[in-house]
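Asker: First the structure, then my questions, so here it is.
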Amino acid sequence: MDFKTIEKKWQKRWADSKLYSFNKDNISKKHYVLEMFSYPSGAKLHAGHWFNYGPADSYARFMRMQGYEVFQPMGFDAFGLPAENYAIKTGIHPEESTLKNIETMEKQLKAIGATYDWDYEIKTCLPDYYKWTQWLFLQLYKHGLAYRKEAPVNWCPSCNTVLANEQVKEGECERCHTPVIRKNLTQWFFKITDYSEELLSGLDKLDWPEKTKLMQKNWIGKSFGSEVDFETQSGEKFTVFTTRVDTIYGVSYVVLAPEHPLVDKITTPEQKKAVEDYKYECSKASEIDRLSTTREKSGTFTGAYAINPVNGKKVPILIADYVLASYGTGAVMGVPAHDERDFAFATKYNLPITRVIKGEKGQNDELPFCDYGVLTASDEFDGMSSKEAIKAITAKLEKQSKGRLKTNYRLRDWLVSRQRYWGAPIPVIHCPHCGIVPVPEKDLPVTLPHDVDFTPDGKSPLLKCEKFMNVTCPVCGKPARRDPDTLDTFVCSSWYYLRYPDNKNDKAPFDSELINKMLPVDKYIGGAEHACMHLLYARFITKALRDMRYLNFDEPFLSLVHQGTILGPDGNKMSKSRGNVVSPDDCIQKYGSDVFRLYLMFCFSYTEGGPWNDSGLDGVQRFMDRVERLVDSVKDKTFSDAPLGRDEKQLNYVRNFTIKSMTADMKNFSFNTAVARLMEFVNAIYTYFNKTQNHNKLLYDCVKDVVLLIAPLTPHFAEELNERMGSNTSVFKMRYPVCDEKALVKDEVEIAVQINSKIKGKATVSTGASDEEVAAAAKEAISETLGDTPIKKTIVIKGRLVNFIV
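Structure, rendered in structure tokens:
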């Protein structure tokens, strides 16, 4: 079969007939299938992209054949740092390179033969999209969910820009490897913390991988504990959060974050230089690095002391890298006898270690003892269990106005402003008289100017564009300035799934009535690396828009599947720098896209992936050739309606077992086992035909089912075979085969026949036969072996075996 010719033929027919156009009149049967959209940073898709999009498209085709009205759009996450950095390096404007890359990727995605409805395409860098990203910002601001404050950020002195935590690797900028520092800048934030509890509890309702849900739970980081107010010797007050207030009598030091506002006030002149030097060293590490459990903890003494509120003891105040000002209260108490981190820290800096908890049975376990136990050396709380003491000590502190119960979350508000060019401008005006003024909705979009010098200089590039920056205040009419920052690209992707079904709406981001019918997304497909950013942000935005009454659902993605990673042949992640990128173009040129797609689905587990190896492509090609020969062998034949004999019943059993198994496998994205089942079915058809040479209509029906079963996996190939078999209807307008459960109930079964527990033969018996009838059939089957030997005992195990004891 000439794959190149048939691919062009069927792709043209699909396009001309609008086979995959979504029918809104059939919305009650909708099935919204969405793959995470691509960032068009590279010129071409590699094999890893195909592994995401090809099999996911096969799932969408399968669901279409199940009778669903499938909605499967595609678009591009087109703003972001890589295009801007590429522009700085080459002089090619980000808009030009991005749109050119999108054009190339569109052609490649169409070459896959995917069922995308391109009428619903979106590109986030175009004004008709980011106008509504800016609208989203304004709604959040209006409802108190967007605010501006000064905050410490990761700063690369070489790139002269803010870096997200994920762009900092081992304390260095991932792009230029310059040591990163922390500096304070005024930034915009979204108040995602208002939804901490709902984001946590909502996970239980989702059909998501458990590992992903656990990652989000840990990221949100809910903990129950107590806040305790300490006071310095000079009268300054600060609060610590602890989940183990039962250990408070064992506090031998307290630690403040280096950025804590109290540090400069309490540091003594003798310790000032050491503290300043240490704060500078901490500024070079990202928050992720500082919280790493494998990183050795460090700190330095401020020269100041605090008073333990429960016993009046004086304890030293240190600063340390493992305490963050943005988490909890920015202060923790050090109890080295009962915390592994504190124990290592106290041992390193020769700080006192005081046991205040012993085992439940009174034993003095080796330190650090981190479990709950019984209090000791804790005044009136001695002898109490840890859980009793937590309540009692907190009650005492509350009575003295020195403490309280507290639920804490690790989750922090989402920093969304970036000092870069290639992003959606923040729709805010700064007026000397009126302060912060939101851009009126009628004036959206705030268009990103084209002619801007975006060479990094430590400031937002838009500041250099006076034509953009200078504006009239919409409130007082006096001269004002635009906000020079752009929005994090995660803002663009936090709502794109809402835009797809209504992408041409120029009056609103979407029609709520339509979107409430179209969403949530039924099946979302993408990488696990997005667990704690994009997936969390999208959930937050959905809930916020619900509370604003734009949406009537709680979650954006009901069911989530993570594809694995296709690694380079060397076992490493594909990247240009390693020179291990596998382009699918050569394989497709030689074999066609269907062979390549089927190979990806057969040779790799979809959720796991693995190292690239093209040695299996020829085998997949041979299998498809076998299927083609089957079709050619039956297409012009005449078949009889004779009753099914034993061989036909066995083939019909394999047929329906395959249909049932493949249906389950396709629903579960277990494509490799689905293909394996299909191969077994094809083998069974060949075995039947070679053995019987019969032309029972069952043979034709089985071959037709093979074409239907393989259709989602090799779409062009299946369409061609379907046409050869005389059909004028697209295979994707046909129903996927349905299992006949009755065919899986065998009226005969093959059993083993043993003599003295050793297998001597096999017998075929009726499933309803009595033990006597089964024994007789078994005896007949090995009559030559058994001869006249007397049988002492006959053991019949129903449906499995007969054992003659002689």
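Just remember that the working numbering sits 419 ahead of the position in the sequence shown, which is counted from 1.
Backbone N, C-alpha and C fix where the C-beta goes; we use that ideal spot for every residue, glycine too.
In angstroms, rounded to a whole number, what distance separates the CA positions of Gly563 and Leu964?
Answerer: 13 Å
Asker: State yes or no: is the C-beta of Thr1133 within less than 7 Å of the C-beta of Asp832?
Answerer: In this structure, Asp832 does not lie closer than 7 Å to Thr1133 by Cβ.
Asker: Taking all protein chains shown into account, do 16 or more other C-beta atoms lie within 10 angstroms of the C-beta of Asp907, making it buried, or fewer, making it exposed?
Answerer: buried
Asker: Taking the beta strand (DSSP E) that Met752 belongs to, which residues open and close that run?
Answerer: 750 to 753
Asker: On the three-state DSSP scale, how would you describe Gln690?
Answerer: In the structure shown, Gln690 sits in a helix (DSSP, three-state: H, G or I).
Asker: Pair every Cβ in the stretch 1044 to 1060 with every Cβ in the stretch 1153 to 1171, then say whether three or more of these pairs are closer than 8 Å.
Answerer: Output reads no: the stretch 1153 to 1171 does not touch the stretch 1044 to 1060.
Asker: Would you kindly work out how many angstroms separate the C-alpha atoms of Asp1051 and Arg1143, rounded to a whole number?
Answerer: 8 Å
Asker: Can the beta-carbon of Thr813 be found closer than 7 Å to that of Val670?
Answerer: No. Outside cutoff.
Asker: Could you check what DSSP says for Phe972 in three-state terms: helix, strand or coil?
Answerer: Collapsing the DSSP output to three states places Phe972 in coil.
Asker: Give, in chain order, every unbroken run of the alpha helix (DSSP H) that is at least 4 residues long and sits entirely within the stretch 1042 to 1094.
Answerer: 1065 to 1086
Asker: Measuring CA to CA, which of Asp623, Ala723, Gly590 is closest to Ser1289?
Answerer: Nothing about residue 1289 can be reported from this structure: the residues present for the chain run from 420 to 1225 only.
Asker: Short of 6 Å in beta carbon distance, which residues of its chain neighbour Asn439, apart from the five on each side in sequence? Order them along the chain.
Answerer: Per the sequence shown, residue 439 should be read as Tyr rather than Asn. Excluding residues within five positions, the ones whose Cβ falls inside 6 Å are Thr534, Asp536.
Asker: Could you check where the alpha helix (DSSP H) with His450 kicks off and where it finishes?
Answerer: Counted as a single uninterrupted DSSP element, the stretch harbouring His450 is not any alpha helix (DSSP H) but the beta strand (DSSP E) occupying residues 449 to 454.
Asker: According to DSSP, Trp415 sits in a beta bridge with which residue or residues?
Answerer: Coverage of the chain is limited to positions 420 through 1225, which leaves residue 415 absent and any answer about it impossible.
Asker: Could you name each continuous alpha helix (DSSP H) segment of 4 residues or more that falls completely within the stretch 1180 to 1208, going from the start of the chain to the end?
Answerer: 1190 to 1200, 1202 to 1205
Asker: Mapping DSSP to helix, strand and coil, what is Cys592?
Answerer: strand
Asker: Could you check how far apart the C-beta atoms of Gly731 and Glu974 are, in whole angstroms? I think they sit under 8 Å.
Answerer: That belief does not hold up - the Cβ atoms of Gly731 and Glu974 are roughly 51 Å apart, past 8 Å.
Asker: Report all residues from its chain with a CB closer than 8 Å to the CB of Asp748; omit the five preceding and five following residues, and keep chain order.
Answerer: The sequence given here places Thr at residue 748; Asp does not occur at that position. Within the same chain, and ignoring the five residues on either side of Thr748 in sequence, the residues whose Cβ sits closer than 8 Å to its Cβ are Glu646, Phe657, Thr658, Val659, Phe660.
Asker: To which residues of the same chain is Tyr943 closer than 6 Å at the C-beta, ignoring the five residues directly before and after it?
Answerer: In the same chain as Tyr943, and ignoring 5 residues on each side of it, the C-beta atoms closer than 6 Å to its own belong to Leu453, Phe976, Leu979, in chain order.
Asker: I'd like the list of long-range same chain contacts for Val894, defined as Cβ closer than 6 Å, with 5 residues on each side in sequence excluded.
Answerer: Cys853, Val856
Asker: Assuming Cys892 and Cys850 are in contact, meaning their beta carbons sit under 8 Å apart, how far apart are those beta carbons, in whole angstroms?
Answerer: 4 Å
Asker: Below 6 Å CB to CB, which residues in the same chain sit around Pro1062 once its five sequence neighbours on both sides are set aside?
Answerer: none
Asker: Where does the unbroken alpha helix (DSSP H) through Asn504 begin, and where does it stop?
Answerer: 500 to 509
Asker: Using only the alpha-carbon positions, how far apart do Asp925 and Thr517 sit?
Answerer: 23 Å
Asker: Among the residues of its own chain, which have a CB less than 6 Å from the CB of Val1168, if the five just before and after it don't count?
Answerer: Thr1186, Gly1218
Asker: Would you call the stretch 1079 to 1097 in contact with the stretch 1106 to 1124, where contact means no fewer than 3 C-beta pairs closer than 8 Å?
Answerer: no
Asker: Go ahead and pull the three-state DSSP assignment for Gly1028.
Answerer: strand
Asker: For a test of the three-state rule: what should DSSP assign to Cys1252, helix, strand or coil?
Answerer: Absent from the structure is residue 1252, since the part of the chain shown begins at 420 and ends at 1225.
Asker: Start and end of the beta strand (DSSP E) containing His949?
Answerer: Taken as a continuous stretch (DSSP letters only), His949 belongs to no beta strand (DSSP E), as it is neither H nor E.
Asker: From the DSSP output, in three-state form, read off Thr719 for me.
Answerer: strand
Asker: Is DSSP giving His468 helix, strand or coil here?
Answerer: helix
Asker: Go through the stretch 1094 to 1126 residue by residue and report every complete run of the alpha helix (DSSP H) that reaches 4 residues or more, in order.
Answerer: none
Asker: Enumerate in chain order the residues of its own chain whose CB-to-CB distance from Leu710 is below 8 Å, with the five nearest sequence positions on each side excluded.
Answerer: Tyr741, Leu743
Asker: Within 10 angstroms of its Cβ, does His512 collect 16 or more other Cβ (buried), or is it exposed?
Answerer: buried
Asker: Return helix, strand or coil for Ile845, following the three-state DSSP convention.
Answerer: coil
Asker: Does the beta-carbon of Cys595 have 16 or more other beta-carbons within 10 angstroms, so that it is buried, or is it exposed?
Answerer: exposed
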